[in-house]
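What follows is one structure encoded as structure tokens, with my remarks underneath.
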Amino acid sequence: TTAKPFTADASQVLEERLFSTPMLKECELDYNRVVAFRLVRALLPRNESSSNVVMALVTEIMGACVLQPLMNLWIPSFLNELIVNAMTAKQVDETTTDETFSEPNAEDTMTNGTYDSGDANIM
Numbered sequence: 129t130t131a132k133p134f135t136a137d138a139s140q141v142l143e144e145r146l147f148s149t150p151m152l153k154e155c156e157l158d159y160n161r162v163v164a165f166r167l168v169r170a171l172l173p174r175n176e177s178s179s180n181v182v183m184a185l186v187t188e189i190m191g192a193c194v195l196q197p198l199m200n201l202w203i204p205s206f207l208n209e210l211i212v213n214a215m216t217a218k219q220v221d222e223t224t225t226d227e228t229f230s231e232p233n234a235e236d237t238m239t240n241g242t243y244d245s246g247d248a249n250i251m
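Per this note's numbering, the very first residue in the sequence shown carries number 129; after that it's consecutive.
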């Protein structure tokens, strides 16, 4: 009998490595540290950025406490909700605008150069 060769789908192996181990979380944190280091180097004055201790501390705080939570916001479900809310608000604004700035109808009367629909004056 011949042994059957192991054939694994490459995407299945990658998915197993990324999501079954803490590797993905560590990679995200490392990436955030790199971005934070560049930001800190650009934003801190030269006399502050010359200290390795200050650079390491500020980079770690920026990467882990600022960038990591920001990156976690941009998950697909949050983005979808943001898009739906924005589109819904725009549709509500358009209907409100259409009702607010509509042409006066035949029941409205003109007094002193302004249209009066008979409603109480609104301030």
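All C-beta atoms in this analysis are idealised placements derived from N, C-alpha and C, irrespective of residue type, glycine included.
This structure is a prediction, so every number in the text was calculated from the model and none was measured.
DSSP places L152 within a helical segment (H, G or I) once states are collapsed to three. Annotation: the continuous alpha helix (DSSP H) that includes P197 extends over 196-201.
With a beta-carbon spacing of about 7 Å, M199 and N160 fall inside the 8 Å limit used to define contacts.
With a beta-carbon spacing of about 7 Å, V186 and L172 fall inside the 8 Å limit used to define contacts.
Here L167 is not near M151, since their CB atoms are 8 Å or more apart. If you look at A138, you'll find it in the alpha helix (DSSP H) that goes 138-147. For E176, same chain residues with a beta-carbon under 7 Å away, outside a window of 5 residues either side, are V182 in chain order.
Annotated as proximal: L157 and A192, with beta-carbon spacing under 8 Å. Excluding sequence positions up to five before and after V141, its CB lies less than 8 Å from no other CB in the same chain. Rounded to the nearest whole angstrom, the C-alpha separation of V220 and V163 is 39 Å.
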